[in-house]
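*Asks:* This is the structure I have questions about; it appears just below.
Residue numbers (my numbering), protein chains in the order written: chain A, 1 to 115; chain B, 1001 to 1117.
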């Protein structure tokens, strides 16, 4: 069975702090895809990143970076120099090969960035 | 429109009534997904369509839930004899699936908030 665990339910930081959101996944597939989505207060989920299981290179996009480690089945997300606009619920998700793109989501981490 | 459109955005109904939720995917997107998000919780997969067939209905919680899709266009999620535990935001997403092996980005709508009194 596939499962995604985001152990941190809520995180609160002060603006300009760095923050890491944890994601641990379980799958028996050898090929799979990992995602992060952001859900701001407006409610619409916004795609942030997709990572293939065979590509373990870490990725950086502006203040966002992702650390993918197959050895620990983790796909953590770090926001550097957080801003108030980063406040949202962040979801990690997993999809297996030949599953039609169906995503299994974690429970989400609510990030609150205070000025 | 450019994005996934869902209607109604808000629906309040009485227990026992039927409701229909509509999703207009992004034009050209072959795959369409329905998810449910209860208050403060993650997204639960309900069903997905490839074209107008539904290869995976495994997430539908009971036989009161059903969904249809017309071609590669609009989908309707129907909940019969609604119960209070059906209260949630129902999210629709679409994806340009070139093949089952190509898991692309899902584009989500803003959701339909259902409240069952």
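Backbone N, C-alpha and C define an ideal beta-carbon position, used for all residues, glycine too.
These figures come from a predicted structure and were not determined experimentally.
(1) Could you give the distance in angstroms between the alpha-carbon of residue 39 of chain A and the alpha-carbon of residue 64 of chain A?
(2) Have a look at residue 52 of chain A and residue 1062 of chain B and give me their C-alpha separation to the nearest angstrom.
(3) Against chain A, with Cβ distances strictly below 8 Å, would residue 1089 of chain B count as a contact?
(4) Mind pulling the chain B residues with CB within less than 8 Å of residue 104 of chain A?
(5) In chain A, which residues lie less than 7 Å from residue 1111 of chain B when you measure between Cβ atoms?
(6) Alpha carbon to alpha carbon, how far is residue 114 of chain A from residue 1050 of chain B? Give it in angstroms, no decimals.
(7) In angstroms, rounded to a whole number, what distance separates the CA positions of residue 1015 of chain B and residue 68 of chain A?
(8) Between residue 110 of chain A and the rest of its own chain, which residues show a CB-CB distance below 6 Å, the 5 nearest in sequence each way excluded?
(9) State yes or no: is the beta carbon of residue 1085 of chain B nearer than 8 Å to at least one beta carbon in chain A?
(10) Taking only beta-carbon atoms, is residue 1077 of chain B less than 8 Å away from chain A?
(11) Could you pull out every unbroken alpha helix (DSSP H) segment of at least 4 residues lying fully inside the stretch 1038 to 1101 of chain B, listed in chain order?
(12) Determine contact between the stretch 76 to 86 of chain A and the stretch 94 to 102 of chain A, defined as no fewer than three beta-carbon pairs at a distance below 8 Å.
(13) Does DSSP put residue 72 of chain A in a helix, a strand or coil?
(14) Pull up the distance between the alpha-carbon of residue 1026 of chain B and that of residue 1060 of chain B, whole angstroms please.
(15) Does chain B have any CB closer than 8 Å to the CB of residue 2 of chain A?
(16) May I ask you to report which of helix, strand or coil DSSP gives residue 86 of chain A?
(17) Which residue's Cα is closest to the Cα of residue 73 of chain A: A:94, A:37, A:8 and A:112?
(18) List, in chain order, every chain A residue whose beta-carbon is nearer than 8 Å to that of residue 1068 of chain B.
(19) Please state whether DSSP places residue 1031 of chain B in a helix, a strand or coil.
(20) When the cut-off is 8 Å and only beta carbons count, does residue 1055 of chain B lie next to chain A?
(21) Between residue 1117 of chain B and residue 1077 of chain B, what straight-line distance do the alpha-carbon atoms span, to the nearest angstrom?
(22) Compute the beta-carbon to beta-carbon distance between residue 18 of chain A and residue 76 of chain A, rounded to the nearest angstrom, for a pair I have assumed lies under 8 Å.
(23) Interface residues of chain A around residue 1042 of chain B at Cβ under 7 Å?
(24) Can you name, in chain order, every residue of its own chain whose Cβ lies under 6 Å from the Cβ of residue 1065 of chain B, other than the five neighbours on each side?
*Replies:* Looking at the coordinates:
(1) 15 Å
(2) 33 Å
(3) yes
(4) 1045
(5) 43
(6) 42 Å
(7) Rounded to whole angstroms, the separation of the alpha carbons of residue 68 of chain A and residue 1015 of chain B is 45 Å.
(8) 10 and 89
(9) With 8 Å as the cut-off, residue 1085 of chain B does not count as an interface residue toward chain A.
(10) no
(11) none
(12) Taking 8 Å as the limit for Cβ pairs, the verdict is that the stretch 94 to 102 of chain A does not touch the stretch 76 to 86 of chain A.
(13) DSSP places residue 72 of chain A in helix when its eight states are reduced to three.
(14) 23 Å
(15) no
(16) helix
(17) A:94
(18) Chain A residues near residue 1068 of chain B: none, gap ~17 Å exceeds 8 Å.
(19) strand
(20) Chain A, which has a Cβ nearer than 8 Å to the Cβ of residue 1055 of chain B, makes this yes.
(21) 19 Å
(22) With 8 Å as the limit, residue 18 of chain A and residue 76 of chain A do not qualify as a contact, their Cβ atoms being about 12 Å apart.
(23) 91, 105, 106, 107 and 108
(24) 1079
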